[in-house]
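Numbering (this note's numbering), first residue to last: 106 to 528. Everything below concerns the one structure shown next.
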């Protein structure tokens, strides 16, 4: 008999076989077949294994990115919502779905019928529970960032919070002085609208960081597989990416980027580093590319890919700004309708409720899809091979025998059921 066995289980299998058999010997069989994959992560991270399997199961010797996904996805999700009120509503709905389904109450009738039908069309109820559990950490991150951005259903309510904290004696450099909320319309630590450029710059840093991290993992994987030239190509990608980023930062700071500028005062010798990284990386990519002849020039196409993948992370802030501006517009219409008349107050209240519900529904789907996409496409594509085969413990279908224990249990269950007489 032969089969795959996890290394951690070998001693257990040996002791079990020796207990029930005589003369059993276990030895390692040399084979060219690739071993199956058995994912092993801490209990709190196993929930996110489903997202990795959805993309592709890693090969047995490949880096398992489950923990990276579990740590980064909630941050991306919370950042793209960035509103305390929205995240609190989504958090409560997630907890309700988990409690409802896990306690055996299968109906979700409290949800609007069309939304419920759409959700059940794309997900089974157990999948909804998994997705809800995965969204909870992101909602917590979003609640914290909502306080940082001073966004609570689009309203600026940090001022009230700071007044309450000051009234009970909680003060500090991070708590502004008490005052009228109208005199300080926003007490944000970082206002997304007025600091959009700064946030976009931070998103660019996240982009180059993740692209570099993925490429470094790709280099390690290629070296382990003996693909030295492919590893050097990825090193070239890293060089090009950082050269372009440093050049872009120099332009933002309005530094001189021409190292040979005629005027001495405008000379920037560091610009040699920018161009050296870019052109040196391109040369490394072309020389080490596996293609032959003119097809090597196709390696230059990867330059545009690297740039687009880095810039793609700016969608984190783009989706945040879209949600913030829509929330501000809804709140503005509501506040303007208050002093006009009762009919418009009712209309404004309806717009407030329906508008925020619409924004919350978008907040459930759009940040989740885009957050997962950034990890799948911009990050995994740099190192992840996938196409692994899941490990399945040795076993076979019963044809001539039956499970005696199971049969006895079924008999006990049948005998325990009360017999009903029908008149």
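Every residue gets a Cβ at the ideal spot worked out from N, C-alpha and C, and that includes glycine.
Within the same chain, Cβ atoms closer than 7 angstroms to the Cβ of residue 475 are found at 185, 420, 424, the five residues on either side in sequence being excluded. Per DSSP, residue 444 lies in no alpha helix (DSSP H) segment and is marked neither H nor E. CA-CA distance, residue 465 to residue 146, rounds to 32 angstroms.
Taking C-beta atoms under 8 angstroms as the contact rule, residue 316 and residue 353 fail to qualify, at a distance of about 14 angstroms. When Cβ pairs closer than 8 angstroms are counted between the two stretches, the segment 193-204 is seen not to touch the segment 306-325, the count staying below three. Judged by DSSP in its simplified three-state form, residue 260 adopts strand. Residue pairing for residue 142: DSSP places it in a beta bridge opposite 495. Counting only residues of its own chain and dropping the five nearest sequence neighbours on each side, residue 480 has a CB closer than 7 angstroms to the CB of 174, 177, 178. Straight-line spacing of the CA atoms in residue 170 and residue 414 works out to 19 angstroms. Fewer than three Cβ pairs drawn from the segment 376-385 and the segment 455-470 lie within less than 8 angstroms of each other, which leaves the two stretches out of contact. Excluding five sequence positions before and after residue 460, the CB atoms of its chain that fall closer than 6 angstroms to its own CB belong to 435, given in chain order.
Contact between the segment 387-406 and the segment 297-311 is absent, with fewer than three C-beta pairs closer than 8 angstroms.
Within the same chain, and ignoring the five residues on either side of residue 110 in sequence, the residues whose Cβ sits closer than 7 angstroms to its Cβ are 118. Boundaries of the alpha helix (DSSP H) around residue 334: 333-357.
Annotated as distal: residue 152 and residue 208, with beta-carbon spacing of 8 angstroms or more. Annotation for residue 159: the continuous alpha helix (DSSP H) segment containing it runs 154-160. Residue 319 and residue 140 have their C-alpha atoms some 24 angstroms from each other. Residue 330 and residue 339 have their C-alpha atoms roughly 14 angstroms apart. Per DSSP, reduced to three states, the secondary structure at residue 378 is helical. DSSP, reduced to helix, strand and coil, places residue 488 outside both helices and strands of the structure shown, so it counts as coil. DSSP places residue 163 outside both helix and strand once states are collapsed to three, so it counts as coil. The alpha carbon of residue 135 has as its nearest neighbour, out of 195, 447, 107, the alpha carbon of 107.
In the three-state reduction of the DSSP assignment, residue 179 falls in the helix class, which pools H, G and I. Here DSSP, grouped into helix, strand and coil, assigns residue 201 to helix. Residue 132 sits in coil when the DSSP states are folded into three classes, being neither helix nor strand.
Here the alpha carbons of residue 449 and residue 432 stand approximately 19 angstroms from one another.
In this structure, residue 341 keeps its C-beta atom at 8 angstroms or more from the C-beta atom of residue 379. Straight across, the Cα-Cα distance linking residue 392 with residue 325 is about 20 angstroms. From the listed residues 417, 440, 470, 441, the smallest Cα separation to residue 484 is found for 417. When the alpha-carbon of residue 183 is set against those of 126, 473, 494, the nearest one is in 473. Looking at 447, 180, 192, the one whose alpha-carbon comes closest to that of residue 469 is 192.
Sixteen is the threshold: when 16 or more other Cβ atoms of the shown chains lie within 10 Å of the Cβ of residue 489, as they do, the residue is buried.
With respect to the C-alpha of residue 251, the residue from 236, 187, 241 having the closest C-alpha is 187.
The alpha carbon of residue 486 has as its nearest neighbour, out of 113, 351, 154, 161, the alpha carbon of 161.
Membership of residue 119 in the alpha helix (DSSP H) is indicated by the continuous run 115-125.
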